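Numbering (mature numbering (1 follows the signal peptide of the UniProt record, and there is no 0)), first residue to last: -21 to -1, 1 to 134.
Using N, Cα and C, we set each Cβ at its ideal position, and we do this for glycine too.
This one's a predicted model, so the numbers in the text were calculated from it and none came from an experiment.
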C-alpha cells in the first residue's frame, strides 16, 4: 500500500514543479508618455523631459515616438524620433528633447510663467517598442505649473 501513495506523492510534486517552471506570466500593456518638465532656455528654445512609463511585466525597448505636443491649445512641436530607451517592468525613464516651440505656444508659457499660473498641455500620438513589438496610441492631457524658485521651469 505504501508504494502507490509514494507514487502519487511524487506525481504531485512533479506537477507542482512543472507549474512553477514557467515563471510569472508575461503581460504587455500599453505604455504611457507624459511631460515631466518643461524648461525655457535662454535662447527661447524649450528643453522637454518626457516620462515614458512601462506598465508591462516585461522590459520594453522603445523605438519610435511620433507625437504632437500642444500647450495652451496651441501647437508647440511635433516629434518623430527613436527614444532608444529600455524601460523595465513597472518602471519609467526620462528622455529629453530640445526644440523651438510655435509662437502661440511660447506666448502661452510666457504668460503662465509671468502670472505664476498653470497651463494645459496635450501629448498625443503613437509610441512603439521593438521588443516586444508593439505600436500603441498615446494621449495624455494634463497641466504644467511654474516651479517656485526655478525661473522658466514648469512641471
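Nearest Cα to residue 13 within the set 77, 106 and 22: 106.
Residue burial annotation: residue 33 is buried, with at least 16 other C-beta atoms found within 10 angstroms of its C-beta.
In the three-state reduction of the DSSP assignment, residue 88 falls in the helix class, which pools H, G and I. For residue 101, the enclosing beta strand (DSSP E) stretches over residues 98 to 110. Taking C-beta atoms as the reference points, residue 45 and residue 59 count as a pair closer than 7 angstroms.
Remark: C-beta atoms of residue 50 and residue 88 approach each other more closely than 7 angstroms. Residue 127 is positioned such that its CB atom lies no closer than 7 angstroms to that of residue 92.
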